[in-house]
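Here's the structure, in structure tokens; my notes come after.
Protein chains: 2
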Amino acid sequence: MRVLILGGDGYLGWPTAMNFAAAGHEVCVVDNYLRRQIAEATDSEALIATPSLSERARVFHAVSGHTIKVHIADLADPGVMFDIVREFGPETIIHYAEQPSAPYSMRGFREARETFNNNLNVTFNCIHAVKDIVPDCHIVKLGTMGEYGTPNIDIEEGWLEVEHKGRKDTFLFPRAAGSLYHTTKVMDTDLLWFYVRTFGLRVTDLMQGPVYGLSTDEADLDPRLCPNFHYDDIFGTLVNRFLVQAVAGIPLTVYGAGGQIRGYLNLRDTLQCVGLAASNPAKRGELRIFNQLTETFSVNQAADRIKKVGDEMGLNVTIKSIPNPRKEKENHYYNPAHSGLMELGLKPHYMTDDVITAMLKRVMENKDRIVAGRIMPRVKWS
Amino acid sequence: MRVLILGGDGYLGWPTAMNFAAAGHEVCVVDNYLRRQIAEATDSEALIATPSLSERARVFHAVSGHTIKVHIADLADPGVMFDIVREFGPETIIHYAEQPSAPYSMRGFREARETFNNNLNVTFNCIHAVKDIVPDCHIVKLGTMGEYGTPNIDIEEGWLEVEHKGRKDTFLFPRAAGSLYHTTKVMDTDLLWFYVRTFGLRVTDLMQGPVYGLSTDEADLDPRLCPNFHYDDIFGTLVNRFLVQAVAGIPLTVYGAGGQIRGYLNLRDTLQCVGLAASNPAKRGELRIFNQLTETFSVNQAADRIKKVGDEMGLNVTIKSIPNPRKEKENHYYNPAHSGLMELGLKPHYMTDDVITAMLKRVMENKDRIVAGRIMPRVKWS
Chain A
1 MRVLILGGDG YLGWPTAMNF AAAGHEVCVV DNYLRRQIAE ATDSEALIAT PSLSERARVF
61 HAVSGHTIKV HIADLADPGV MFDIVREFGP ETIIHYAEQP SAPYSMRGFR EARETFNNNL
121 NVTFNCIHAV KDIVPDCHIV KLGTMGEYGT PNIDIEEGWL EVEHKGRKDT FLFPRAAGSL
181 YHTTKVMDTD LLWFYVRTFG LRVTDLMQGP VYGLSTDEAD LDPRLCPNFH YDDIFGTLVN
241 RFLVQAVAGI PLTVYGAGGQ IRGYLNLRDT LQCVGLAASN PAKRGELRIF NQLTETFSVN
301 QAADRIKKVG DEMGLNVTIK SIPNPRKEKE NHYYNPAHSG LMELGLKPHY MTDDVITAML
361 KRVMENKDRI VAGRIMPRVK WS
Chain B
1001 MRVLILGGDG YLGWPTAMNF AAAGHEVCVV DNYLRRQIAE ATDSEALIAT PSLSERARVF
1061 HAVSGHTIKV HIADLADPGV MFDIVREFGP ETIIHYAEQP SAPYSMRGFR EARETFNNNL
1121 NVTFNCIHAV KDIVPDCHIV KLGTMGEYGT PNIDIEEGWL EVEHKGRKDT FLFPRAAGSL
1181 YHTTKVMDTD LLWFYVRTFG LRVTDLMQGP VYGLSTDEAD LDPRLCPNFH YDDIFGTLVN
1241 RFLVQAVAGI PLTVYGAGGQ IRGYLNLRDT LQCVGLAASN PAKRGELRIF NQLTETFSVN
1301 QAADRIKKVG DEMGLNVTIK SIPNPRKEKE NHYYNPAHSG LMELGLKPHY MTDDVITAML
1361 KRVMENKDRI VAGRIMPRVK WS
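These protein sequence lines are chains A and B, in that order.
Numbered as in this note's numbering, the first sequence ends at 382 without a single skipped number.
Numbered as in this note's numbering, the second sequence ends at 1382 without a single skipped number.
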């Protein structure tokens, strides 16, 4: 299968590229290094420096024999998108090419505009390139569980049957996201749904929860193949940040009451989910939506679990609540369905004590690289 | 009240500007002439040529004594938006500044991209300019009934209370639009709702049906003040197109089965609705949504009503079904609520025989200007 990965330099894009190549697929990655530029500009660089995408592809080829084709180019430019799609002729596109930081998108007008235009234009160009050049290509789009927000009803997988005044219809599950970044993904969903039903595109939209971890079969082959492990307030996801705080002897900073519940998954399960979606494509004219998470826990529960394991390893972990820089409910109902990917064959890697121990050990090996000033929130929602 | 009208050169923007000025408000209009350029490029010019916006403002001042300030500038450029908002300090912004043609948005990639970037960037810039400069300003945004599509349940005014598995919540009413143009308005709504609930903006979103007519108190003062009356396949709305076909002796072209029902309103009622919304502003942190229509009828019913009146005037009107260039349901349930604006005081001007007669007479005075080649659909959805 020819697999084109948009945003192939990212925390998820790069491990996904290696994973598809290792499975024998023909893989091409494209990235504009926007995340690298933002990380440098905001002093938010990853714990372990990662070589350029071309260099990582060379290292991966040397250790595995597999080839990954690399383009450094801006997919928000339609000429770039159309040329690459025409040249490579993908059967599957995995679309990760979005500015992924909620705090960055809320930092100021310039950052908001950059996020807005990058994310929407890449999705728009991708849709049109597929429609016009490879209409049978399956688009696997990374959405986010954050699109749904925290409604007071069970979160179904993408769709909701509504009965109203004695009549029924099925609609996209209501969305109400908590940042501009998340809102751009809501808007992506609207756009994909319009083009799917109007032109018969085939799309899988993966509503993913926050991912944690830094180990995959391919990444573990060589330290230079490590995913970008961010622990800063801009790109760091909750669990990864807590792991670094635990190792650095900094209290785990809980935003507000800590009752915020989200659905999480291990990086290894992101690879499984994207692989399962790609090998079981959506039908023509289908917008198939999966909720991509394996377990739910609150911020307080995450902190407690990491503290327990960290303490057993002698880290003496403390937890501290700080004022919430975000605007979000700190205590709420949360019950998302997530059976679709299990039915396709997902075998979850839960966040067990062993998994936490292994992650803490990897971070401890890199303890000297931790920059404490990158951890506390620097962006407030209002 | 200082009223800033974005898209003040349009079919609705210009009569709105005159109406607010005549009511004693301080009015500033901005337009980038995008519709004029598209009309020229696609041979879709209005029945009655309209002078430039500056010229229209001069004529209006001469006949009424009222002043309308004019900027010809591109609001998709954030510098333009921020400068104008800073300089004028609006208390109300009426936002019409979107590429409004569904067929144009579906014509090809270039036209789709132009629509997408213009519409979303103007809304984005407007939101940020208000948030940063005049946070108490009331944004009156023109949405469209087309955002909802044709669901199988009653269409409520913007919001829907959902009961699901024994729990309840209220969400934006589900949206599923029929063109890229309409989808950009769905995306506008998502964006407005995010910024309203995060930053306490005050927004009224008017979900307007297709408008017809060419007479308003101010427009009738001088023929040069006439709204842009389009009858072409690009900008012409259904009723206006049928009026011109009836006068030109061309069959009224019904797309497909003609059972498509929409909610319509008279141009005079658009002015009333926008005026009522502006003088009864939404609260801080409120996204208030009204369905802006006064009556519903199907395409066949519209054709029959115009044929009946036209025949009485001796026009010998015929009706002909042609293949539907759009992708839409041709027979469907349609029951939209629209009591909110009535409760604020809207006094509807329904499409009576007298109203149709008056419109046909105005078109007959301009019969020589009709270009028949502009009427049949030139854009197909797929």
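A virtual CB, placed ideally from N, CA and C, is assigned to each residue, including glycine.
6 Å CB neighbourhood of residue i in its chain, flanking five on each side removed
| i | result |
| --- | --- |
| Asn1228 (chain B) | Tyr1011, Ala1046, Thr1050 |
| Gln385 (chain A) | Residue 385 (chain A) is absent from the model: chain A starts at 1 and stops at 382. |
| Lys185 (chain A) | Gly143, Thr144, Glu147 |
| Ile1289 (chain B) | Glu1157, Gly1158, Asp1205 |
| Asn335 (chain A) | Asp154 |
| Asn121 (chain A) | Ala76 |
| Gln1245 (chain B) | Leu1252 |
Bridge-paired residues (DSSP) for residue i
| i | result |
| --- | --- |
| Tyr1096 (chain B) | DSSP lists no partner for Tyr1096 (chain B). |
| Ile5 (chain A) | A:Val29, A:Ile94 |
| Gln1301 (chain B) | Paired residues: none, contrary to the question. |
| Ile1322 (chain B) | B:Tyr1255 |
| Gln272 (chain A) | Beta-bridge pairing links Gln272 (chain A) to no other residue. |
| Arg175 (chain A) | DSSP, once it has assigned bridges, lists no residue as partnering Arg175 (chain A). |
| Leu206 (chain A) | A:Leu142, A:Phe290 |
| Arg1167 (chain B) | B:His1164 |
| Glu111 (chain A) | Answer by DSSP bridge pairing: none, since Glu111 (chain A) is not bridged. |
| Ile1261 (chain B) | B:Ser1298 |
| Asn1152 (chain B) | Per DSSP, none; premise fails for Asn1152 (chain B). |
| Asn1331 (chain B) | B:Gly1259 |
| Asn1266 (chain B) | B:Tyr1212 |
| Trp1159 (chain B) | B:Leu1172 |
| Pro1336 (chain B) | B:Ile1155 |
Proximal residues to residue i (C-beta, below 7 Å), its chain only, five neighbours per side dropped
| i | result |
| --- | --- |
| Ile250 (chain A) | Ala372, Ile375 |
| Met1081 (chain B) | Leu1075, Asn1125, Cys1126, Ala1129 |
| Leu271 (chain A) | Pro15, Thr16, Asn19, Thr216 |
| Asp222 (chain A) | Val59, Val63 |
| Phe88 (chain A) | Arg2, Leu4, Cys28 |
| His349 (chain A) | Asn266, Arg268, Asp269, Val355 |
| Leu1238 (chain B) | Pro1210, Val1299, Ala1302 |
Any C-beta of chain A under 8 Å from that of residue i
| i | result |
| --- | --- |
| Met1187 (chain B) | yes |
| Lys1168 (chain B) | yes |
| Thr1408 (chain B) | For chain B, the structure presents residues 1001 to 1382; residue 1408 (chain B) sits outside this window and is missing. |
| Pro1336 (chain B) | no |
| Ala1102 (chain B) | no |
| Asp1136 (chain B) | no |
| Ala1176 (chain B) | yes |
| Arg1113 (chain B) | yes |
| Trp1193 (chain B) | yes |
| Leu1172 (chain B) | yes |
| Leu1180 (chain B) | yes |
| Asp1083 (chain B) | no |
| Phe1060 (chain B) | no |
| Phe1088 (chain B) | no |
| Phe1109 (chain B) | yes |
| Asp1311 (chain B) | no |
Residue-level contact to chain B via CB, residue i, 8 Å cutoff
| i | result |
| --- | --- |
| Thr183 (chain A) | yes |
| Ser382 (chain A) | yes |
| His164 (chain A) | yes |
| Phe235 (chain A) | no |
| Asp74 (chain A) | no |
| Asp43 (chain A) | no |
C-beta neighbour in chain E for residue i, strict 8 Å
| i | result |
| --- | --- |
| Pro78 (chain A) | The question asks about chain E, but that chain is absent: this structure's protein chains are A and B. |
Residues of its chain near residue i, where Cβ-Cβ distance is below 8 Å and the 5 sequence neighbours each way are ignored
| i | result |
| --- | --- |
| Asp1311 (chain B) | Val1317 |
| Lys1320 (chain B) | Pro1251, Leu1252, Thr1253, Val1254 |
| Ala1358 (chain B) | Ser1215 |
Where in the region 19 to 80 of chain A do unbroken runs of the alpha helix (DSSP H), each at least 4 residues long, occur, reported from the N-terminal end onward? With a minimum length of 4 residues, the continuous alpha helix (DSSP H) runs that stay inside the region 19 to 80 of chain A are 34 to 41, 53 to 64.
The region 117 to 134 of chain A: which residues have C-beta closer than 8 Å to a C-beta of chain B, in chain order? Correct list: Asn117, Leu120, Asn121, Phe124, His128, Asp132.
Along the region 1142 to 1161 of chain B, what residues have a CB closer than 9 Å to any CB found in chain A? For chain A, the residues of the region 1142 to 1161 of chain B that bring a beta carbon within less than 9 Å of one of its beta carbons are Pro1151, Asn1152, Ile1153, Asp1154, Glu1156, Leu1160, Glu1161, in chain order.
Which residues of the region 270 to 284 of chain A have a Cβ closer than 8 Å to any Cβ of chain B? Give them in chain order. So nothing in the stretch comes that close.
Taking only beta carbons into account, state which residues of the region 317 to 343 of chain A come closer than 8 Å to chain B, listed in chain order. The residues in question are Lys327, Tyr333.
Beta carbons nearer than 9 Å to chain B: which residues of the region 297 to 308 of chain A have them? For the region 297 to 308 of chain A, the set of residues with a beta-carbon nearer than 9 Å to any beta-carbon of chain B is empty.
In chain order, what residues of the region 199 to 227 of chain A put their CB closer than 7 Å to some CB of chain B? Cβ contacts with chain B come from Phe199.
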